[in-house]
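Student:
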C-alpha cells in the first residue's frame, strides 16, 4: 500500500492496521525519516522544508517500487507513506514498513524501499533557513546505495 | 535503554519517547518480532509460547549489546525491549529501535542489535501446540547472521 | 499537443509549471525536446544550460535522454530527486 | 559456596532451577564442574549427557567451557539461547 499526503502519520497505528488480526507475520521493520534542523551541507540551520512532488508520478513510482520489493522478498505486507508540503524540524517525512515471516527479508526489503524511493520518487526538497531558501542537492551517496540492489 | 517486561509495548509511544523534542534525528528504524502461529519446524500450529529468561543476566547482556552498537554506529538513541512470560500468536516478543542522523547507521544498528540479541540474550522459547510442548531449538541461521558483524 | 511539466529549480528557471506545446516534426527524443526548448528564450536557455543535471519522465515514467517522445502525451523535466 | 543455576531443558532434566554447592577443591574450569555434576546422579548425567549442547555463564557473563571458575559466585548452565 502506498500513500502521498500532507498530514502526519502515526507509526504505531500504521503497524496495527498492517498486522490486523494476522498471526503469520514474525518480523516487522519500519523506517521513518524526519526533518533535521542541521540538514544543510553548509551547516546552516533549517527552519522549514517544503517537499514538492509530481502528482500522479509519485504514486506510480512508489507503487512500482513496492511491487518490486514483493517480487524480491517474501513479504506479507508493506506500506510506503510520503508526506509533501511544508514541514519543520522534527516532523516526519516518510514511512516505510515491511512485514515478513523472518527478519532478514523485512530488514532488506525496508532498506531497499528506502534506497529506491530516495532515487526514483519524484520529490524535491526546498530548505528555508537564516541563509535563505534553496533546493537541496541530490546526494551521490543515495545513488550509490541504490546500485547495491542491482541484479545483473 | 533496555527493558525486560511481561507486558506488551506500544511501538508508536516508544518512538515518541525516544524522539522527545529532538530535531537532530533523521532516521529511525524499528524492528518488532511477533509470535507466529506456524513457528514450529514440524509445521504444527503454535497455540502458546513461553519465554523463560535468566533474570539479571538478560538485562546485562542487552545493555552490553546496546553499548556495543553505540561504539560501532553514530546513534543518537536506541531501545531494546524484550518480553518474557506467556505469549500467543500475534503477540509482540521483542522491540529494537535505532535512531541516527542517517538511515544507513539506523538500519545497520537495528539489524546488528537483533542478530546479537538472538544469539546472546539468555532467553529460551517453549512452544505449546496440539502436538504438546517443547523447547525451541537454536537456529543455525541466527548464529551465521551474527558472525557477519565480527571485527577481525 | 504535448504537455510539458517543470519541477523544482527547473520550474523556477522556466518561470512556469506547465504548458501545452506542439512539438516540431523533426523531434524524436528527450534530447531533441531539450534542444528545441533552449531556442525558445533566455529563461529556457538558462533552465536547460546544464542538461546533464536534468532528468526527464515521459508519461510519468523515468526516461533517458535518448528515449523516444513519439507517442508522449506528457513530458516532465526536473533535477535529480531528493525526497525521502 | 557457589550458586548453580539451570535453565530451559537443562532445568527440566536436573529437576531443579538452582542450588548452592561446595565445589570440590580440584575443580578449575566450567568443564570440570560439568564432569563433577555428572557424578551426582542420573538426572545430572542425563542433563549433561550432550555437553556440546550446553552453554554456561559465570557471574552472568557468557563463559567458555575452559573458563576458570576460581572466583565464581554464580554458574549457570543452559541450552543455546532462542529468544528474540
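Chains as they are written, first to last, in our numbering: chain A, 2 to 153; chain B, 2 to 153; chain C, 334 to 417; chain D, 334 to 417. The C-beta atom is built at its ideal place from N, Cα and C for all residues, glycine as well. Because the structure is a prediction, the values reported are computed rather than measured.
Exposed or buried, which one is residue 350 (chain C) when buried takes at least 16 other CB atoms within 10 Å?
Tutor: On the third chain, residue 350 (chain C) is found 17 positions in, with the first residue counted as 1. Label assigned to residue 350 (chain C): exposed.
Student: Would you decide whether residue 119 (chain A) is buried or exposed? Buried here means 16 or more other CB atoms lie within 10 Å of its CB.
Tutor: Residue mapping note: residue 119 (chain A) aligns to position 118 of the first chain, counting from 1. Under this definition residue 119 (chain A) is a buried residue.
Student: Just the Cα atoms here: how many angstroms apart are residue 28 (chain B) and residue 404 (chain D)?
Tutor: Locating residue 28 (chain B) in the second chain gives position 27, counting from the first residue. Locating residue 404 (chain D) in the fourth chain gives position 71, counting from the first residue. Computed Cα separation, rounded: 45 Å.
Student: What's the C-alpha gap between residue 9 (chain A) and residue 3 (chain A)?
Tutor: Your numbering for residue 9 (chain A) matches position 8 in the first chain. Your numbering for residue 3 (chain A) matches position 2 in the first chain. In a straight line, the C-alpha of residue 9 (chain A) is about 14 Å away from that of residue 3 (chain A).
Student: Do residue 78 (chain A) and residue 113 (chain A) have their CB atoms nearer than 9 Å?
Tutor: Against the first chain, residue 78 (chain A) aligns to sequence position 77. Against the first chain, residue 113 (chain A) aligns to sequence position 112. Taking 9 Å as the Cβ cut-off, residue 78 (chain A) and residue 113 (chain A) do not qualify as a contacting pair.
Student: Please name the residue in A:123, A:51, A:81 whose C-alpha comes closest to that of residue 68 (chain A).
Tutor: Position 67 of the first chain, counting from 1, holds the residue named residue 68 (chain A). Ranking A:123, A:51, A:81 by Cα distance to residue 68 (chain A) puts A:81 first.
Student: In whole angstroms, give me the CA-to-CA distance for residue 50 (chain A) and residue 57 (chain B).
Tutor: One-based indexing of the first chain puts residue 50 (chain A) at position 49. One-based indexing of the second chain puts residue 57 (chain B) at position 56. Those two C-alpha atoms are separated by around 46 Å.
Student: In the DSSP assignment, find the unbroken beta strand (DSSP E) run with residue 335 (chain D) in it and report its ends.
Tutor: For the purposes of this step, residue 335 (chain D) is taken as the residue at position 2 of the fourth chain. Start and end: 335-339.
Student: Under 9 Å between C-beta atoms, does residue 58 (chain B) make it to chain D?
Tutor: Within the second chain, the letter at position 57 stands for residue 58 (chain B). At least one chain D Cβ lies under 9 Å of residue 58 (chain B).
Student: Identify which residue in C:370, C:417, C:396 has its Cα closest to the Cα of residue 353 (chain C).
Tutor: Taking the third chain and counting its residues from 1, the one referred to as residue 353 (chain C) is at position 20. That would be C:370, whose Cα lies nearest to the Cα of residue 353 (chain C).
Student: Among B:34, B:145, B:83, which one has its Cα closest to the Cα of residue 64 (chain B)?
Tutor: Against the second chain, residue 64 (chain B) aligns to sequence position 63. Of the candidates B:34, B:145, B:83, the one whose C-alpha sits nearest the C-alpha of residue 64 (chain B) is B:83.
Student: By Cβ distance, which residues of its chain are closer than 7 Å to residue 390 (chain D), with the 5 residues on each side in sequence left out?
Tutor: Looking up residue 390 (chain D) in the fourth chain gives position 57. Within the same chain, residue 390 (chain D) has close Cβ partners 396, 409.
Student: The alpha helix (DSSP H) with residue 116 (chain B) in it runs from where to where?
Tutor: Numbered from 1 along the second chain, position 115 holds the residue referred to as residue 116 (chain B). Counting along the chain, the alpha helix (DSSP H) containing residue 116 (chain B) begins and ends at 104-121.
Student: Any idea if residue 144 (chain A) is buried or exposed, counting beta-carbon neighbours within 10 angstroms, 16 or more meaning buried?
Tutor: Taking the first chain and counting its residues from 1, the one referred to as residue 144 (chain A) is at position 143. Exposed, since its Cβ has fewer than 16 Cβ neighbours within 10 Å.
Student: Compare the C-beta of residue 150 (chain B) against all C-beta atoms of chain D and say whether one is closer than 9 Å.
Tutor: Walking along the second chain from the start, residue 150 (chain B) turns up at place 149. No, because no Cβ of chain D sits closer than 9 Å to the Cβ of residue 150 (chain B).
Student: Have a look at A:128, A:133, A:123, A:115 and flag the residue whose alpha-carbon is nearest the alpha-carbon of residue 142 (chain A).
Tutor: Counting from one through the first chain, the residue named residue 142 (chain A) turns up at place 141. It is A:115.
Student: Give the C-beta separation of residue 402 (chain D) and residue 362 (chain D) to the nearest angstrom, bearing in mind that I take them to be a contact with Cβ-Cβ under 8 Å.
Tutor: As a first step, residue 402 (chain D) must be located in the fourth chain, where it is residue number 69. As a first step, residue 362 (chain D) must be located in the fourth chain, where it is residue number 29. Their Cβ separation, rounded to whole angstroms, is 6 Å, which keeps residue 402 (chain D) and residue 362 (chain D) in contact under 8 Å.
Student: Identify each residue in the stretch 75-104 of chain B for which the Cβ-Cβ distance to at least one residue of chain D is less than 8 Å, and report them in chain order.
Tutor: Listed by position, the residues of the stretch 75-104 of chain B near chain D (Cβ gap below 8 Å) are 83, 94, 95.
Student: Taking 9 Å as the CB-CB limit, is residue 48 (chain B) close to chain D?
Tutor: Residue mapping note: residue 48 (chain B) aligns to position 47 of the second chain, counting from 1. For residue 48 (chain B), the answer is no, since every Cβ of chain D falls outside 9 Å of its Cβ.
Student: Give me the residue from D:416, D:335, D:380, D:417 with the minimum Cα distance to residue 357 (chain D).
Tutor: Within the fourth chain, the letter at position 24 stands for residue 357 (chain D). Among D:416, D:335, D:380, D:417, the Cα nearest to that of residue 357 (chain D) belongs to D:335.
Student: Between which two residues does the alpha helix (DSSP H) containing residue 19 (chain B) stretch?
Tutor: As a working mapping, residue 19 (chain B) is identified with position 18 in the second chain. Where residue 19 (chain B) is concerned, the enclosing alpha helix (DSSP H) stretches over 12-20.
Student: Could you check what DSSP says for residue 165 (chain B) in three-state terms: helix, strand or coil?
Tutor: Nothing can be reported for residue 165 (chain B): it is not among the residues displayed for chain B, which extend from 2 to 153.
Student: Please classify residue 6 (chain B): is it buried, with 16 or more other beta-carbons within 10 angstroms of its beta-carbon, or exposed?
Tutor: In the second chain, residue 6 (chain B) corresponds to position 5, counting from 1. Result: exposed.
Student: Taking the alpha carbon of residue 133 (chain A) as the point to measure from, which residue in A:32, A:48, A:20, A:30 has its own alpha carbon closest?
Tutor: Reading the first chain from its first residue, position 132 is the one you call residue 133 (chain A). Selected option, being the one with the closest Cα: A:48.
Student: Straight-line CA distance for residue 152 (chain A) to residue 127 (chain A)?
Tutor: In the first chain, the residue the question calls residue 152 (chain A) occupies position 151. In the first chain, the residue the question calls residue 127 (chain A) occupies position 126. If you take the alpha carbons of residue 152 (chain A) and residue 127 (chain A), they lie about 33 Å apart.
Student: Can you name the residues that DSSP bridges to residue 82 (chain B)?
Tutor: Position 81 of the second chain, counting from 1, holds the residue named residue 82 (chain B). Paired residues: B:4, B:96.
Student: Give the DSSP-derived three-state secondary structure of residue 342 (chain D) in the structure shown.
Tutor: Mapped onto the fourth chain, residue 342 (chain D) falls at position 9. Correct three-state label for residue 342 (chain D): helix.
Student: Taking the C-alpha atoms as reference points, what is the distance between residue 392 (chain C) and residue 147 (chain B)?
Tutor: On the third chain, residue 392 (chain C) is found 59 positions in, with the first residue counted as 1. On the second chain, residue 147 (chain B) is found 146 positions in, with the first residue counted as 1. Distance between the alpha carbons of residue 392 (chain C) and residue 147 (chain B) is about 46 Å.
Student: Between residue 130 (chain A) and chain B, is the shortest Cβ-Cβ distance under 9 Å, so that the two count as touching?
Tutor: Your numbering for residue 130 (chain A) matches position 129 in the first chain. No, residue 130 (chain A) lies away from the interface with chain B (no Cβ there is under 9 Å from its Cβ).
Student: Just curious, the alpha helix (DSSP H) that residue 126 (chain A) is in, first and last residue?
Tutor: In the first chain, counting from the first residue as 1, residue 126 (chain A) sits at position 125. Residue 126 (chain A) -> not in any alpha helix (DSSP H); beta strand (DSSP E) instead, spanning 124-130.
Student: Listed in chain order, which residues of the stretch 107-135 of chain B have Cβ atoms closer than 7 Å to some Cβ of chain D?
Tutor: Listed in sequence order: 115, 118, 119, 120, 121, 122, 123, 124, 125, 126.
Student: What residues in the stretch 3-15 of chain B have a beta carbon less than 8 Å from any beta carbon of chain A?
Tutor: Of all residues in the stretch 3-15 of chain B, 11, 12, 13, 14 have a Cβ within less than 8 Å of some Cβ in chain A.
Student: At a CB-CB cut-off below 9 Å, which residues of chain B make contact with residue 26 (chain A)?
Tutor: As a working note, residue 26 (chain A) is residue 25 in the first chain. By Cβ distance, chain B contributes 35, 37, 91.
Student: Of all the CB atoms in chain A, is at least one closer than 9 Å to the CB of residue 29 (chain B)?
Tutor: Residue 29 (chain B) sits at position 28 when you count from the first residue of the second chain. Yes, its Cβ sits closer than 9 Å to a Cβ of chain A.
Student: Would you say the beta carbon of residue 63 (chain A) comes nearer than 8 Å to a heavy atom of the ligand NAP?
Tutor: Ligands displayed in this structure: none; no statement on the ligand NAP is therefore possible.
Student: Would you list, in chain order, the members of the stretch 61-73 of chain A that have their beta-carbon closer than 7 Å to a beta-carbon of chain C?
Tutor: Against chain C - using a Cβ distance shorter than 7 Å - the residues of the stretch 61-73 of chain A are 61.
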